[in-house]
Every structure is written in C-alpha cells, then in structure tokens.
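Heads up, the thing below is written out as structure tokens.
Residue numbers (full-length UniProt numbering): 1 to 240.
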C-alpha cells in the first residue's frame, strides 16, 4: 500500500524481496546486515546526538535472528561513533555469522550483559529483537524482556529505537491486541529496505528508512516507491 507516497510492504512482500536480494541479486546475508546495521547506527546518531544525552550509554537488545544481527552491527558502529553501547543477547545465534558478529563486538570491548540490567541507566534502548519474520506467540523469556523495555521507557525519559519492526508487533496490523504481549511504542523506527505495513501505526518522532542496497530491478519488480537518499547518506527520514 501507499502511505505518504511511500510503498509499505506486506509480510509476504518483505520475505520475497529478501529472498530475491539473495538469489537474484547475489547479495550475502552479512553484506546486507552490515549495511542495515550501519543505517541503524547512523539514524541513531542523527536523531540523538551525544551532546544532547545525559550519558553516552546505549542498550542494544538483540534477538536470535537477522534483526538481532543488525543490532550487533549497529552496536559496533555506535561504538565507532563515540557512543558506549552494551549488548543484551539472551539467545545467541548458532551460525558462524552470529559468532563472528559477537567476536567483532568483543574486539571493540563492547560489554555483553546478563539478565540483571539497570534499564534506567541507558538514555537510549535499541530494540533489535524481532524482524519481519516474527510470528506469535511470544516466548516467555522474550515476553519478560519486552515487559522490562516497556516499563523502562514508560517510567523515564529513555528513548526506544526499533529496528525495522517494533518487537511484538504484527508485521501488517501493528501493535498487538491480545492483551498479553507487551506493547512497545518506540520514539524512533528505522525501517529497512522498505517500511512494512505495521509502520502506518508508528506514532513516534522519527521514522527513518535504511538499507541502501535495493537494485533497480527489485524496485521495478515490486513497484517500490521509496524516498530518495541524498549523496552518501545511509538513511533517509520518512516522517518526523
């Protein structure tokens, strides 16, 4: 569907585009993850300059899939940008790719946390838990994590940044309405490749598009209507 002259994707379209990027366009997972994570870190840096924050600390919460991988990459770039990211990664991905991403973060002395997190100490919390492949129900360990994030943001001035999809949201219908799944309300949403239908329900301050890697044939095949990136920018503001 079109919203503000931008094409928003269904879950099926998002999955098919992802597959085509790998199969037709010969991208590798780690290539796209690196570019996506860089986009996320760049959008955070522009939206929340260090000079405006009480602390440089950023809590990056990573899930077990590719969304979590984007978060690991983003944490590394945030460290390079002068922030002090710390990572909560409760279920480490088993593939070699995720093992390498963890090791890369460790090489930059980025701390990995256990479950006892003082959320109030982090002005910024990055939600890189679930992406467009998410399907309910939410597993108990992640339900507790979302509850903690929801409470931290509600009780303080902490800003929540969601990567591609606010975790727990239905990819097409938006915030969960089952009365059980914690509802995250991010201040910043960074859509990747193209925004998903659920982003129509986003009411925060900053909606960015990142993932500057979509070839012309994919844009034509899926009739994508996307905002134009400027010069060497890695992200573009959809709405503010």
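For every residue, glycine included, the Cβ atom is placed at its ideal position computed from N, Cα and C.
Helix, strand or coil at residue 174 according to DSSP, with G and I counted as helix: One-based indexing of the chain shown puts residue 174 at position 174. Reduced to three states, the DSSP call for residue 174 is strand.
Close beta carbons around residue 224, own chain, < 6 Å, minus the five adjacent residues each side: Residue 224 sits at position 224 when you count from the first residue of the chain shown. The answer, listed in chain order, is 7 and 194.
Output the boundary residues of the alpha helix (DSSP H) element that contains residue 238. Taking the chain shown and counting its residues from 1, the one referred to as residue 238 is at position 238. Looking at the DSSP string, residue 238 is not in any alpha helix (DSSP H); the run it does join, the beta strand (DSSP E), is 235-239.
Exposed or buried, what is residue 159 when buried is set at 16 or more other beta-carbons lying within 10 Å of its beta-carbon? Counting from one through the chain shown, the residue named residue 159 turns up at place 159. Counting C-beta atoms within 10 angstroms of its own C-beta, residue 159 has 16 or more neighbours from the protein chains shown and is therefore classed as buried.
Opening and closing residue of the beta strand (DSSP E) in which residue 110 lies: Within the chain shown, residue 110 is the residue found at index 110, counting from 1. Per DSSP, residue 110 belongs to no beta strand (DSSP E) and is neither H nor E.
Inspect the beta-carbon positions of residue 40 and residue 190 and report whether they are closer than 9 Å. Position 40 of the chain shown, counting from 1, holds the residue named residue 40. Position 190 of the chain shown, counting from 1, holds the residue named residue 190. Against a cut-off of 9 Å, the Cβ pair of residue 190 and residue 40 comes out as a contact.
Rounded C-beta distance between residue 86 and residue 113? I'm assuming under 8 Å. Taking the first residue of the chain shown as 1, we reach residue 86 at position 86. Taking the first residue of the chain shown as 1, we reach residue 113 at position 113. With a Cβ gap of about 6 Å, residue 86 and residue 113 count as contacting.
Test item: CB-CB of residue 197 and residue 209 under 9 Å: As a working note, residue 197 is residue 197 in the chain shown. As a working note, residue 209 is residue 209 in the chain shown. In this structure, the beta-carbon distance from residue 197 to residue 209 does not fall below 9 Å.
In DSSP terms, what residue 125 is bridged to: Locating residue 125 in the chain shown gives position 125, where the first residue counts as 1. According to DSSP, residue 125 bridges with 59 and 160.
Looking at the structure shown, is residue 48 part of a helix, part of a strand, or coil, going by DSSP? The sequence position of residue 48 within the chain shown is 48, counting from 1. DSSP, reduced to helix, strand and coil, places residue 48 outside both helices and strands of the structure shown, so it counts as coil.
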